[in-house]
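Here this note's numbering is used: the first residue of the sequence shown is 2, the next is one more, and so on.
Step one of this worksheet: look at the structure below.
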Amino acid sequence: MKILFVHQNFPGQFPHLAPALAARGHQVLALTAETNTRPAPVRVIKYRKPDPVTLSSPLGRMYAECAERGARAALAAGQLRDRHGYVPDLIFGHSGWGETLFLKEVWPKAKLLIYAELMYQTTGLDTDFDPEFRREGLGARISTTARAAHLVQAMVQADAALAPTAFQAATFPAELRGKIRVIHDGINTEVVRPNPEAVLHIPGTTRSFRPGDEVISFVSRSLEPYRGYHSFLRALPAVLQARPQAQAVIVGDEGQSYGAPPKDGISWKARFLDEVRDRIDLERVHFLGRVPYATYLALLQVSRVHAYFTYPFVLSWSCLEALAAGAMVVASDTEPVREVITDGRNGRLVDFFDIAGWSAALISALANPEAAAPLREAARAGVIARYDLATVCLPQLIDFVENAR
Numbered sequence: 002m003k004i005l006f007v008h009q010n011f012p013g014q015f016p017h018l019a020p021a022l023a024a025r026g027h028q029v030l031a032l033t034a035e036t037n038t039r040p041a042p043v044r045v046i047k048y049r050k051p052d053p054v055t056l057s058s059p060l061g062r063m064y065a066e067c068a069e070r071g072a073r074a075a076l077a078a079g080q081l082r083d084r085h086g087y088v089p090d091l092i093f094g095h096s097g098w099g100e101t102l103f104l105k106e107v108w109p110k111a112k113l114l115i116y117a118e119l120m121y122q123t124t125g126l127d128t129d130f131d132p133e134f135r136r137e138g139l140g141a142r143i144s145t146t147a148r149a150a151h152l153v154q155a156m157v158q159a160d161a162a163l164a165p166t167a168f169q170a171a172t173f174p175a176e177l178r179g180k181i182r183v184i185h186d187g188i189n190t191e192v193v194r195p196n197p198e199a200v201l202h203i204p205g206t207t208r209s210f211r212p213g214d215e216v217i218s219f220v221s222r223s224l225e226p227y228r229g230y231h232s233f234l235r236a237l238p239a240v241l242q243a244r245p246q247a248q249a250v251i252v253g254d255e256g257q258s259y260g261a262p263p264k265d266g267i268s269w270k271a272r273f274l275d276e277v278r279d280r281i282d283l284e285r286v287h288f289l290g291r292v293p294y295a296t297y298l299a300l301l302q303v304s305r306v307h308a309y310f311t312y313p314f315v316l317s318w319s320c321l322e323a324l325a326a327g328a329m330v331v332a333s334d335t336e337p338v339r340e341v342i343t344d345g346r347n348g349r350l351v352d353f354f355d356i357a358g359w360s361a362a363l364i365s366a367l368a369n370p371e372a373a374a375p376l377r378e379a380a381r382a383g384v385i386a387r388y389d390l391a392t393v394c395l396p397q398l399i400d401f402v403e404n405a406r
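So this is what it looks like as structure tokens:
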């Protein structure tokens, strides 16, 4: 088949699937944004950056921005068709930014598959979860509902859809859920695995950590409330006081990836660090920012306990990769996490907002590494059984695409 992937940050969720399909003899091409500089495993075509959207009402801004991006993608697709005669048999695109919205107008006979990552909802998900930051009232619910318009349109247009977890699939309306197949992107457990020889060097210092050291790890794309940065920092003073040898290593950007920025203009990182600054030894808290993958992997491998938080939202790859690396994971007792971690079997679950409970769980994991050994073994075994890239997920992903013809 001629297969076209569409993703503004390609390869995005498709770094393994796209080249695997090409290796099976399919003609694979990708359409991505001109601003995307990520290395691609297949040939890419780029569409022009959308113009900024100016609207008097904020309610339509999300749809307008997604429609503009979708229009740019469709115009580039039209040029592919008209100038080069390119007609794909199948299109597989991420629906989150609107890129698939008008592709059926260019290629009406092509099968359209979408990556259905999450549907916005006014209750039960991220928007009303955290009492410290949630927006109350009818206006907030109207705003959230308006943000879902392009996602509904994309699902209606799609011939089939894919979601990486059952929790994420269940966020979509029941009327559309029958289109969704649940297959995770896959974890390369041959790469992400325990390594007794791992070494994590702290940049700018002579300090390094190895397996067996009292390292607490925390990883997030951005240091923000959605991934529990505030709860983690609030739990940290008691942990460092109880465990004098413990070291906390924190990975993540200073900005935000989800939700709104702080109203006072400083970063979430600075705001919550200032809250606990006088109760922690900053010589024992290491902020690494965004790091190369090898550094991130070494952190998981040397960690004695890995803290993972999330709102009821998209499950991070880092949660599954920490489990695959054989880490002792203490995680928030939220629905997406309960899909992969059972308390006391392959990790520990603690209420997202229970700061004392978090401190106690982290202290216990640091103090009793031998007791965590069965949980670490079960954590890795569970990822291999359910989420291994080569043996579980990639064959299912290939089948999802090839049988959609």
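Ideal Cβ positions, reconstructed from N, Cα and C, are used throughout, including at glycine.
{"Item": "Best match in E66, M156, G260, L60 for proximity to Y312 [C-alpha to C-alpha]", "Value": "G260"}
{"Item": "The alpha helix (DSSP H) enclosing G94, as first and last residue numbers", "Value": "From DSSP, G94 is part of no alpha helix (DSSP H) but of the beta strand (DSSP E) over 91-95."}
{"Item": "Distance between beta carbons of G99 and R70, contact taken as under 8 angstroms", "Value": "5 angstroms"}
{"Item": "F310 to G253 span [Cα, whole Å]", "Value": "13 angstroms"}
{"Item": "Where Q9 falls: helix, strand or coil (DSSP)", "Value": "coil"}
{"Item": "DSSP three-state assignment for F288, whether helix, strand or coil", "Value": "strand"}
{"Item": "The region 191-200 touching the region 132-152, judged by at least three CB pairs closer than 8 angstroms", "Value": "no"}
{"Item": "Endpoints, the beta strand (DSSP E) within which I143 is located", "Value": "Looking at the DSSP string, I143 is not in any beta strand (DSSP E); the run it does join, the alpha helix (DSSP H), is 139-147."}
{"Item": "Completely contained alpha helix (DSSP H) runs for the region 47-118, where each covers 4 or more residues", "Value": "62-85, 104-107"}
{"Item": "L163 and Y116 closer than 8 angstroms at C-beta", "Value": "yes"}
{"Item": "Residue environment, S1, which counts as buried when at least 16 other CB atoms sit within 10 Å", "Value": "With the chain represented from 2 up to 406, any question about residue 1 goes unanswered, as that position is not in the structure."}
{"Item": "Test item: CB-CB of R285 and A247 under 8 angstroms", "Value": "yes"}
{"Item": "Three CB pairs or more closer than 8 angstroms across the region 368-388 and the region 320-329", "Value": "yes"}
{"Item": "The region 184-193 / the region 380-399 touching (three or more Cβ pairs under 8 angstroms)", "Value": "yes"}
{"Item": "Under 8 angstroms between C-beta atoms of V107 and A150", "Value": "no"}
{"Item": "Where V312 sits in the DSSP three-state scheme", "Value": "Residue identity differs from the one stated: residue 312 is Tyr in this sequence, not Val. Reduced to three states, the DSSP call for Y312 is coil."}
{"Item": "Residue range of the unbroken alpha helix (DSSP H) whose run includes A271", "Value": "269-277"}
{"Item": "Residue range of the unbroken alpha helix (DSSP H) whose run includes R39", "Value": "Careful: R39 lies outside any alpha helix (DSSP H) and carries neither H nor E."}
{"Item": "Cβ-Cβ distance between I342 and L289 below 8 angstroms", "Value": "no"}
{"Item": "Between the CA atoms of R178 and A167 - distance to the nearest angstrom", "Value": "11 angstroms"}
{"Item": "Under 8 angstroms between C-beta atoms of Q169 and E118", "Value": "yes"}
{"Item": "Reference G345, options A374, R235, Q9, closest by Cα", "Value": "A374"}
{"Item": "Burial state of P204, where buried means 16 or more other Cβ atoms lie within 10 Å", "Value": "exposed"}
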